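Peer 1: Sending over a structure as structure tokens; questions will come in a sec.
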Amino acid sequence: MFDFSKLTAAEALFEAQKIAFGPIVFQSARLLRDWGIFKLLQDNKQALTIQEIAKECSLSEYATEVLCESGFSMGALDFKDNKYSLTQIGYFLLNDEMTKANMNYNHDVNYLGLFYLDESLKKEKPVGLHKAFNTQEPTIYPLLTKLPDKAKESWFGFDHFYSDAAFKTLVDIMAKKDINTMLDVGGNTGKWALALASKSPNTTITILDHQEQIDVALKNAQEAGLEDRVKGYPLDLLDHTKPFPDNVDAVWMSQFLDCFSKNDIVNLLRRAKNALNENGKVYIVEPFWDRQSHDIGAYILINTSQYFNAVANGKSKMYRASEFQTFTQAAGLKIIEEVDGLGFGHTLMVCEAL
């Protein structure tokens with residue numbers, strides 16, 4: 002994973018310049034996509050001149066030229082005989098759903114806030130959130146349904162892209178568990194709870210989250226005709242003096258614990274353990290970066306950590322599976338089963354009380 006040791010000095014220096022100019026290249030690529038240049042070049046069978054591109058995209062020749070030259074430098078466009086055409090990199094920037102989700106999320110949610118990464122890291126507070134979204138909320142989570150439209154769309158688009166990849170498989174797995182009562186901790190607007198309740202008619206699920214998210218979830222449950230088996234329990238999840246509802250068969254935590262610091266994770270797991278009945282289990286789903294089958298997954302996950310610091314909460318990150326093995330033990334749990342490779346590199350950990 003990430004073996005750069007065989008680069009020549011010239012190659013390494015070029016990679017360093019890509020990093021140094023990364024923000025400029027990112028914004029150029031975004032505009033090449035959003036202003037229709039990539040799409041135009043994809044649809045045409047022949048390469049086009051700057052004048053032809055500018056006319057078709059209703060742009061000035063100046064804007065078209067500087068963007069296309071940047072596209073050439075990043076490998077998204079080819080340039081021969083004063084004409085541009087789309088490369089494979091440009092094709093993926095335009096069409097790949099993962100790349101689109103990542104670019105939208107980084108532009109609409111993270112870009113302005115990451116200017117304050119240094120201050121956020123030093124203070125362990127999401128200074129970028131406060132500056133970019135003009136709020137003093139300690140975390141982004143109570144704001145999710147109130148974000149500006151583009152930011153909200155891109156945040157949920159990013160979240161759903163990665164969670165949806167494993168979603169159906171996980172619903173099928175959990176529907177076979179014969180679970181009567183489940184807590185969905187951090188269940189947000191109820192997507193998981195509604196899917197499992199639809200598939201598993203004997204399961205009643207209680208969502209633990211902020212009141213704003215629960216209000217939306219209960220409305221969704223009513224519209225789906227599942228209000229009798231999808232409930233809500235408003236709770237400050239970071240107030241570790243407040244116990245979870247107890248005597249349940251299962252506590253579900255999917256892509257939730259990575260939103261918190263190491264100390265908070267241990268305390269949340271401890272509260273989850275205390276909520277179980279005698280044979281209850283805690284189910285953890287996370288995309289651990291040390292369990293990825295390819296460099297792309299690890300790269301995305303590692304660099305998502307800066308969002309958590311500057312924008313989300315100031316203290317969390319994307320974790321390794323080996324770290325969670327330590328967290329569960331500290332909370333009085335033992336891992337009895339692990340399933341890797343679900344969706345986009347997710348792992349399901351099944352735990353019971355020690």
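Mind the numbering: the sequence shown is residues 2 to 355 in our numbering, read in order. Here a beta-carbon is modelled for each residue, glycine too, at the ideal position from N, C-alpha and C. Bear in mind the structure is a predicted one, so any value in this text is a computation, not a measurement.
(1) What first and last residue would you give for the alpha helix (DSSP H) that runs through F134?
(2) Kindly indicate which three-state DSSP category A225 falls into: helix, strand or coil?
(3) Could you check where the beta strand (DSSP E) with Y85 kicks off and where it finishes?
(4) Under a three-way DSSP split, which group does T329 fall into?
(5) Have a look at E287, D250 and K243 and flag the residue whose alpha-carbon is nearest the alpha-carbon of F261.
(6) Let me check understanding here. Comparing Cα to Cα, which of K316, N107 and F325 lies closest to K124?
(7) Between which two residues does the alpha helix (DSSP H) containing A30 stretch?
(8) What are the boundary residues of the beta strand (DSSP E) that V67 is part of?
(9) Under a Cβ-count criterion, where at least 16 other Cβ atoms within 10 Å of its own Cβ denotes burial, should N248 be classed as buried or exposed?
(10) How many angstroms separate the CA atom of S1 from the CA atom of Y112?
(11) Where does P143 sit, in a helix, a strand or coil, going by DSSP?
(12) Going by DSSP in three states, H241 sits in which element: helix, strand or coil?
(13) Tell me the residue span of the beta strand (DSSP E) that contains T207.
(14) State the DSSP-derived secondary structure class of F345, mapped to helix, strand or coil.
(15) Should A11 go down as buried or exposed, given a rule of 16 or more other Cβ atoms within 10 Å for buried?
(16) Looking at the unbroken alpha helix (DSSP H) that takes in L41, where does it start and where does it end?
(17) Report the residue from Q214, V252 and H295 whose alpha carbon sits nearest the alpha carbon of L277.
(18) In chain order, which beta strand (DSSP E) runs of at least 3 residues are fully inside the segment 228–306?
(19) Per DSSP, what are the beta-bridge partners of D216 in this structure?
(20) Consult DSSP for A194 and reduce its assignment to one of helix, strand or coil.
(21) What is the DSSP secondary structure of F159, counted as helix, strand or coil?
(22) In three-state terms, what does DSSP make of E353?
(23) Excluding sequence positions up to five away, which residues of its chain have a Cβ less than 6 Å from the Cβ of L219?
(24) My output table needs one value for D109: the three-state DSSP class, helix, strand or coil.
(25) Can you give me the start and stop residues for the alpha helix (DSSP H) that D119 sits inside?
(26) Rounding to the nearest angstrom, what Cα-Cα distance links L302 and W290 in this structure?
(27) Verify whether the separation of the beta carbon atoms of G88 and L78 is less than 8 Å.
(28) Alpha carbon to alpha carbon, how far is S71 from T207?
(29) Would you mind working out which of D259, A167 and N268 sits nearest V340, comparing C-alpha positions?
(30) Who are the near neighbours of R321 in its chain, counting only those whose CB is closer than 7 Å to its CB and skipping five residues on each side?
(31) Restricting to Cα atoms, I'd like to know which of D210, L184 and N221 is closest to T204.
(32) For Y63, count neighbouring Cβ atoms within 10 angstroms of its own Cβ and tell me buried if that reaches 16, exposed if not.
(33) If you drop the 5 nearest sequence neighbours on each side, which residues of the same chain put their C-beta closer than 8 Å to that of K81?
(34) Run through the DSSP bridge pairs and tell me what D79 is partnered with.
(35) In its own chain, which residues sit with a C-beta less than 6 Å from the C-beta of A225, not counting the 5 before and 5 after it?
Peer 2: According to the structure shown:
(1) Its alpha helix (DSSP H) spans residues V128 to F134.
(2) In the structure shown, A225 sits in coil (DSSP, three-state: anything other than H, G, I, E or B).
(3) Start and end: K84 to L87.
(4) If DSSP states are grouped into helix, strand and coil, T329 belongs with the helices.
(5) Checked all of E287, D250 and K243; the closest Cα to F261 is E287.
(6) Residue K316 is the option with its Cα nearest to K124.
(7) A30 -> alpha helix (DSSP H) spans G23 to D35.
(8) Run containing V67: none in the beta strand (DSSP E); it sits in the alpha helix (DSSP H), E62 to S74.
(9) With fewer than 16 Cβ atoms within 10 Å of its Cβ, N248 is classed as exposed.
(10) The structure shown does not extend to residue 1, since the chain spans only 2 to 355, so no value can be given for it.
(11) DSSP, read as helix, strand or coil, puts P143 in helix.
(12) H241: coil per DSSP, three-state reduction.
(13) Per DSSP, the continuous beta strand (DSSP E) segment holding T207 begins and ends at T205 to D210.
(14) F345: coil per DSSP, three-state reduction.
(15) A11 is exposed by the Cβ-count criterion.
(16) That run of the alpha helix (DSSP H) goes I38 to D44.
(17) The candidate whose alpha carbon is nearest that of L277 is V252.
(18) Counting only runs of 3 or more, we get 231–235, 249–255 and 277–287.
(19) Paired residues: none, contrary to the question.
(20) Helix.
(21) F159: helix per DSSP, three-state reduction.
(22) Correct three-state label for E353: strand.
(23) Taking L219 as the centre and dropping the five residues before and after it, the same chain places the C-beta of G233 closer than 6 Å to its C-beta, in chain order.
(24) In the three-state reduction of the DSSP assignment, D109 falls in the helix class, which pools H, G and I.
(25) For D119, the enclosing alpha helix (DSSP H) has its first and last residue at L118 to K124.
(26) The alpha-carbon separation between L302 and W290 amounts to approximately 6 Å.
(27) The question names Gly, but residue 88 in the sequence shown is Thr. Here T88 is near L78, since their CB atoms are less than 8 Å apart.
(28) If you take the alpha carbons of S71 and T207, they lie about 51 Å apart.
(29) Each of D259, A167 and N268 was checked against the Cα of V340, and the nearest Cα belongs to A167.
(30) Excluding residues within five positions, the ones whose Cβ falls inside 7 Å are F289, W290 and D291.
(31) For T204, the nearest C-alpha among the options comes from L184.
(32) By the neighbour-count rule (16 or more Cβ atoms within 10 Å), Y63 is not buried but exposed.
(33) Spatial neighbours of K81 in its own chain (CB-CB distance under 8 Å, excluding positions within 5 residues in sequence) are listed in chain order as A48.
(34) Note: D79 sits in a beta bridge opposite S86.
(35) Excluding the 5 residues flanking it on each side, A225 has same chain C-beta neighbours closer than 6 Å at L195, in chain order.
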